[in-house]
Structures are given as C-alpha cells and as structure tokens.
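Chemist:
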Amino acid sequence: MAEIQTIKVGHQGISGSFSEEALFNYFPNDVEIEQYTQFEDVFEAIDAGEIHYGVVPIENSSTGAIAAVYDALNAYNCTIVGETYVKAIQNLLAIKGASIDYINTVYSHPQGFEQSVIFLKPYDWILIPYYNTAKSAEFVRDQNDPTIAAIASKQAAEIYGLDVLSENINCNKQNTTRFIIISKNLKVNNLCNKVSVVFSTTHKAGALFNALEKFATNKINLLKIESRPVKHTPWEYYFYIDFEGNIEDESIISTLDQMKKECHHFKLLGNYKMQLSNIYNK
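Letter by letter, the sequence shown follows residues 0 to 281 of numbering that gives the first Met the number 0.
1. If I measure Cβ to Cβ from residue 131 and keep anything under 6 Å in the same chain, skipping five residues before and after, which residues do I get?
2. Would you kindly check if the distance between the Cβ of residue 194 and the Cβ of residue 266 is under 8 Å?
3. Mind reading off the beta-carbon distance from residue 151 to residue 90? Whole number of angstroms is fine, and I expect it under 8 Å.
4. Mapping DSSP to helix, strand and coil, what is residue 49?
5. Indicate the three-state DSSP secondary structure (helix, strand or coil) for residue 242 in the structure shown.
6. Taking residue 178 and residue 18 to be in contact with their CB atoms under 8 Å, please state how far apart those CB atoms are, rounded to whole angstroms.
7. Taking all protein chains shown into account, do 16 or more other C-beta atoms lie within 10 angstroms of the C-beta of residue 28, making it buried, or fewer, making it exposed?
8. Would you give the residue range spanned by the alpha helix (DSSP H) that residue 111 belongs to?
9. Between the Cα of residue 50 and the Cα atoms of 125, 165, 58 and 77, which residue gives the shortest distance?
10. Helix, strand or coil, according to DSSP, for residue 232 in the structure here?
11. Would you grab the beta carbon distance between residue 6 and residue 80 for me? Rounded to a whole angstrom, and I think it's under 8 Å.
12. Between residue 301 and residue 140, which are expected to be in contact by the criterion C-beta below 8 Å, what is the C-beta distance as a whole number of angstroms?
13. Quick check on this structure: which residue in 62, 43 and 125 has the alpha carbon closest to the alpha carbon of residue 149?
14. Would you check if the segment 227-244 and the segment 37-49 touch, i.e. whether three or more CB-CB distances between them fall below 8 Å?
15. Please report the residue range of the beta strand (DSSP E) in which residue 31 lies.
16. Measuring CB to CB, does residue 270 end up less than 8 Å from residue 242?
17. Taking the runs of the beta strand (DSSP E) that are 3 residues or longer, which of them lie wholly in the segment 136-210?
18. According to DSSP, simplified to helix, strand and coil, what is residue 102?
19. Can you name, in chain order, every residue of its own chain whose Cβ lies under 8 Å from the Cβ of residue 289, other than the five neighbours on each side?
20. With a cut-off of 8 Å on the beta carbons, I'd call residue 169 and residue 115 a contact; round off their distance for me.
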C-alpha cells in the first residue's frame, strides 16, 4: 500500500498571525505547517521544493497591495492556485496588568500601523515596525515591559498571554486581507474562473491600450489592475491584472495570444477558483 504523502504548507509569521488564519481557512487540519520570516522566504521554499503550497497576503481592503508579494510573483517560478479572505481585526495588546496610560512604544507590522492610523494619531508613541503582528505580540510578551505594546489579533493575545488594552482599532471596521495560495505547478480544472497575469509593454503611446483592448473586444471582465516599477528602468512598469475566465476557454486563449504579441514581457501567474468574500455578512 502506497504511503500517503503529507502536504506541507508554508506561511510568513508565527502562530497567531493572520497568515496562519488564512492557511486554516483554506487547508484541512492534517497539513504540516512551516513558518517563515519574510514573504520571499515562502516563495523560495516553494521554488526549492521544501513545501507544496504557500499562503501569502496580496492585498488589503484598507491599505492596498502588498508590493513585496507582487514582486515575488513575477520573480519566482510559482503560480497562484487559490485565494481566501481574512477579516483582519487589529487590537492593542500589552502584558498582563499594563495600562494604556503608560505605553510609550508600539510594535507591529507596517500594515498594522497603516490600518490603525486614526487610532494611533492622538498618542505620542514610538512606532517600531516588526516582522509581523503575531511576532510583535510574542516580542512584547518576552520583554515583559508594561510600557510597550503590540498591534495584533485577539488570537495572538490569547496565545502569548497578553491583555487587550483597546480592541478593533482598525480605521476600516470591515478591514479585510486577500491571501493567495501559491504552488510550483499550475493546477487548472473547470472550476477555475479567475486568471492572473503580469506583463509590460513598450514605452510608447497606445501600448497599454492595445494590450488591454482585447478584454473589451472579447467581452472579458477585468477584476483588478495593479502596477509595479520595472527595476533598473525608471518610469516603466509591470502591470498585474486579474480577470474572469478559464485558460482552456477559446476566448481566453485568443486574448492571451493577442496580448503576448503586444507585450515584451508576459507571464501567466495562475488560473484558480474565485472566492467571493462573505466578510461583510459577519
């Protein structure tokens, strides 16, 4: 009888992170979990064959795109095979018995600070960026200092034995992060209805229009467009787009073939099942 292979899944951060929550949303509990320090470490682990899948955040409804993840999608030989959403509720955490009146320094991921900027504005606190929100909570616990705090989830507070000094401090009460599931190989079936690509065009009038015109001509619904600078080439950009469709459909095949002719860089990032977030019903 063949041995059943354990599925290894990696994410950035530690226990109590939003990335871990996204992983549990998408995968059953019988996967082997690997944790990494940086987003790029997850891509490197996929590339090296250390893990079968990775879970990384790609955009937040309050603060927008996660630039490092977009850049890594273009740089590494990985594809998007799925997506999931997490409602990211931020909280101010400190050690047991601490008071908000005596806090002078706060640790969190830069996204945690950005998502809580209105709450933070009245306070003259030192804000120190850290690896991620859960790692910040762990650091505060280890320091055992009542003058420092972390911005992280309530789950992180429970895991690291911290008090919640102020809850739901997001500027946007529906603050939501979209996570993508990445793998080494493209996985396509008839349920896949969302396509992601990245491309760049020549730096001349009408080049971007010519690349995108095919979507309107072929009646394909564009879902998102994001741009990132081309390194070492000032004022030129990579364009990342998501659109509805399956790469085995004739209209999609035709559109992609036409795009490739207009672009001097083109990469298919994935074809996967679109997840419609139910965050707003909670």
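Built from N, CA and C at the ideal position, the CB exists for glycine as well.
Bear in mind that the values here come from a model prediction, so they are computed numbers and not experimental data.
Modeler: Result, derived from the coordinates:
1. Sequence index remark: in the sequence shown, residue 131 carries index 132 (1-based). Only 12, 16 and 108 meet the Cβ criterion.
2. Counted from its first residue, the sequence shown places residue 266 at position 267. Counted from its first residue, the sequence shown places residue 194 at position 195. Against a cut-off of 8 Å, the Cβ pair of residue 194 and residue 266 comes out as no contact.
3. Locating residue 151 in the sequence shown gives position 152, where the first residue counts as 1. Locating residue 90 in the sequence shown gives position 91, where the first residue counts as 1. Contact holds; Cβ gap of about 7 Å.
4. Your numbering for residue 49 matches position 50 in the sequence shown. Residue state for residue 49 is assigned as coil, using DSSP reduced to three classes.
5. For the purposes of this step, residue 242 is taken as residue 243 along the sequence shown, with counting starting at 1. Under the three-state reduction of DSSP output, residue 242 falls in the strand class.
6. Translated into positions along the sequence shown, residue 178 becomes position 179. Translated into positions along the sequence shown, residue 18 becomes position 19. Their Cβ separation, rounded to whole angstroms, is 7 Å, which keeps residue 178 and residue 18 in contact under 8 Å.
7. By one-based count along the sequence shown, residue 28 stands at place 29. Exposed, because fewer than 16 other Cβ atoms sit within 10 Å of the Cβ of residue 28.
8. Start at 1 with the first residue of the sequence shown, and residue 111 comes out as number 112. Note, residue 111: alpha helix (DSSP H), 109-114.
9. Along the sequence shown, one-based indexing puts residue 50 at 51. From the listed residues 125, 165, 58 and 77, the smallest Cα separation to residue 50 is found for 77.
10. Indexing the sequence shown from 1 puts residue 232 at position 233. Coil.
11. As a first step, residue 6 is located in the sequence shown; it is residue number 7 there, counting from the start. As a first step, residue 80 is located in the sequence shown; it is residue number 81 there, counting from the start. So it is not a contact: roughly 12 Å between Cβ atoms.
12. Since the first residue of the chain shown is 0 and the last is 281, residue 301 is not available in this structure.
13. Taking the first residue of the sequence shown as 1, we reach residue 149 at position 150. If you compare the alpha carbons of 62, 43 and 125 with that of residue 149, the shortest gap goes to 125.
14. Because the criterion of three Cβ pairs below 8 Å is not met, the segment 37-49 and the segment 227-244 do not touch.
15. In the sequence shown, residue 31 corresponds to position 32, counting from 1. For residue 31, the enclosing beta strand (DSSP E) starts and ends at 31-35.
16. Indexing the sequence shown from 1 puts residue 270 at position 271. Indexing the sequence shown from 1 puts residue 242 at position 243. If you check the CB distance, residue 270 and residue 242 do not come in under 8 Å.
17. The segment 136-210 contains these whole beta strand (DSSP E) runs: 147-151, 161-165, 175-182 and 193-200.
18. Mapped onto the sequence shown, residue 102 falls at position 103. Of the three classes helix, strand and coil, the one that applies to residue 102 here is coil, per DSSP.
19. Outside the displayed range of the chain (0 to 281) lies residue 289, so it cannot be described from this structure.
20. Locating residue 169 in the sequence shown gives position 170, where the first residue counts as 1. Locating residue 115 in the sequence shown gives position 116, where the first residue counts as 1. In this structure residue 169 touches residue 115 by the C-beta definition: roughly 6 Å separates them, less than 8 Å.
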